[in-house]
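Residue numbers (our numbering), protein chains in the order written: chain A, 98 to 372; chain B, 98 to 372. C-beta: ideal position from N, C-alpha, C; glycine also. Here is the structure we will look at, set down as structure tokens.
Number of protein chains: 2
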Amino acid sequence: MNRAELEAAPPGVVRQAIREKRWQGVTKRLALGYHQANVTIVPKALAFDFMRFCFGNPKALPLLDVCEPGNPCPPRAAPQADLRTDVGGYLILRRGKPVERVDTLVPYWRDDHVAFLTGCNLSLDRVMLESGIPLPHLVDEAAFPAQYRSSIPCVPAGPFAGPLVVSLRPVDNERVVPLIELTSRFPLSHGAPVHIGDPAQIGIPDLSQVDWGRRNVVGAGQTPMFWACGITVQAVALASGIEEIIVHAPGNMFVTDMLVRELSAAAASPSPGAR
Amino acid sequence: MNRAELEAAPPGVVRQAIREKRWQGVTKRLALGYHQANVTIVPKALAFDFMRFCFGNPKALPLLDVCEPGNPCPPRAAPQADLRTDVGGYLILRRGKPVERVDTLVPYWRDDHVAFLTGCNLSLDRVMLESGIPLPHLVDEAAFPAQYRSSIPCVPAGPFAGPLVVSLRPVDNERVVPLIELTSRFPLSHGAPVHIGDPAQIGIPDLSQVDWGRRNVVGAGQTPMFWACGITVQAVALASGIEEIIVHAPGNMFVTDMLVRELSAAAASPSPGAR
């Protein structure tokens, strides 16, 4: 399959292609218009602390869904999906070290695992395309956003503590204000940037030293804009030696059934509540 | 002290008056413009399930803050406050029965208690006054909203399961649409109504049989409008026999330092995140 086929496909078709290994690349531009999600799986003993960590750091970790303990199905985000198989790759980290990259979680899943889904900037690919914002990863097939550890500390919760990771987008100067206005309307996809301009002010001495993703060059007449990023979970797991944490492989997001446009206005009530 | 003095007072002054028992009534119209909150305290063993219950039922239980286990201070909502003393009264429920009403939680607080704050419709008193919406409890000193158990089930989480409680406001017919528009902009204060019109459709056979609060008569030319209500926690504790749960006494809300107007637009990111 090629990316163009999956751009206009509904989320269930994209997840099936991923589950059957017919798609193994990053998920940028896939199922355009639907929320893509960071996946974090922790043992139940850490689940309350991790949920508080999401609540305390909503720009990095806007919570889209949380599963019942032992159940790999996200009830709100994609009630037909299985988080053990519907992601292109997973990283298993133990005591602050990455120990394995695997293609499926079926042999690893336990009854005490709790899965969380948090928002992702790739969810805005359609908004950016429709708004004519030429972000590098939307223009160049090989490009991907660049992510950096910043000097901004997360609000800690239990054992979860560490630096905020930010994603860089180089933006033409005249688009900086409109892009702040635009992204602030999508709090479930990281909302407004946490910083614009000089990277050194948030502890990034050299933009060429990328921590995750690929380098995005900031051209003449452009401003570096930095958004909070879901990879923060990995940075925190590494920094604080979390006993066990499983995340999606970088760029291999989980594609949800949740429409970005339906949720932007009612961020705190992504479902109609009890109805 | 009288209500008029505390209407324009900042939240810290209102909390001090409550702590020193100089104010012992309901908190309607106090510290106008600041979020008032439902208080729920559960043992740590139930905290993750309760937090998931809030996430699954955001219209009834929009989460404003969650405390660290054993710490009665809400870090985001009022970092100088103490939830053991700064509420006018508390109800202790055990195994689905109300067992005691107390004025302070100091003798009852344990290291494994976890406190949650969720949004409340009294937070919108100032918005309603400024918008000229003559809700009964804002016009008549003795009046208070009426609440009913509905037939709408909450989305369950662990042991938390039961009916959604709704609050009634009788509204002049021509204000129904504007009031839906207005309240939908405040998801942290229950957002848009869950039902308008015939109460029987949501399992309320007789509006004169109030479950909590005081009767509000629906006059000629008025429509009954129903919003999700934080008292849902009590109804659920009673219905499902939760081991231990402590809530504020009805109408005795916790007054936070959070401005309603600052949060309405950025509901999912009430704090600036990691900054």
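Beta-bridge pairing of residue i - partner residues as DSSP gives them
i, result
"A/G310", "A/A243"
"B/G216", "B/A134"
"B/F323", "B/L265, B/H292"
"A/V163", "A/F213"
"A/F351", "A/A134"
"A/K194", "A/R191"
"A/V139", "A/V211"
"A/P250", "A/P260"
"B/V357", "None, per the DSSP bridge assignment."
"A/H345", "A/Y187"
"B/V199", "B/Y187"
Burial state of residue i (16 or more Cβ within 10 Å)
i, result
"A/V231", "As written in the sequence, residue 231 of chain A is Pro, which differs from the Val given in the question. Burial call: exposed."
"A/V196", "exposed"
"A/A357", "It should be noted that the sequence gives Val, not Ala, for residue 357 of chain A. The residue is buried, with at least 16 neighbouring Cβ atoms inside 10 Å."
"B/G318", "exposed"
"A/D209", "exposed"
"A/V236", "exposed"
"B/A297", "exposed"
"B/R207", "exposed"
"A/S247", "buried"
"A/R192", "exposed"
"A/A365", "For A/A365, the pLDDT reaches just 40, beneath the cut-off of 50, and the residue's location in the model is therefore unreliable, although a value from the coordinates is still provided. Counting Cβ neighbours within 10 Å, A/A365 comes out buried, since at least 16 surround it."
"B/S403", "Absent from the model: residue 403 of chain B. The displayed extent of chain B is 98 to 372, so no value can be given."
"B/A363", "The pLDDT assigned to B/A363 is 43, lower than 50, so where the model puts this residue is not dependable; a value taken from the coordinates is nonetheless given after this. The residue in question, B/A363, is buried, as its Cβ has 16 or more Cβ neighbours within 10 Å."
"B/K156", "buried"
"B/A325", "buried"
"A/S286", "buried"
"B/G316", "exposed"
"B/N349", "buried"
"B/N154", "buried"
"B/Q121", "exposed"
"B/P275", "exposed"
"B/P284", "buried"
"A/G288", "buried"
"B/D222", "buried"
"A/A239", "exposed"
"A/D295", "exposed"
"A/V314", "exposed"
"B/A142", "exposed"
"A/K86", "Residue 86 of chain A cannot be examined here, being either before or after the span of chain A that is shown, 98 to 372."
"A/G259", "buried"
"B/Q306", "exposed"
Within chain B, partners of residue i - CB distance below 7 Å
i, result
"A/L232", "Per Cβ cutoff of 7 Å: no residues; A/L232 is ~22 Å from chain B at best."
"A/F145", "A144, F145, M148"
Contact set between residue i and chain A, taken where Cβ atoms lie within less than 9 Å
i, result
"B/F152", "M148, L160, D162, V163, R173"
Min CB distance residue i to chain C below 8 Å
i, result
"B/L226", "The question asks about chain C, but that chain is absent: this structure's protein chains are A and B."
Check whether the region 201 to 219 of chain A and the region 169 to 185 of chain A touch, using three or more Cβ-Cβ pairs below 8 Å as the test. Contact holds: three or more Cβ-Cβ distances are below 8 Å.
Below 8 Å, how does it come out for the region 218 to 231 of chain B and the region 265 to 284 of chain B: are there three or more Cβ pairs, yes or no? yes
Below 8 Å, how does it come out for the region 115 to 133 of chain A and the region 137 to 147 of chain B: are there three or more Cβ pairs, yes or no? Contact between the region 115 to 133 of chain A and the region 137 to 147 of chain B is not established, with fewer than three Cβ pairs separated by less than 8 Å.
Any chance the region 335 to 347 of chain A sits against the region 276 to 286 of chain A, with 3 or more Cβ pairs inside 8 Å? no
Do three or more CB pairs link the region 100 to 109 of chain B to the region 172 to 179 of chain A at distances below 8 Å? no
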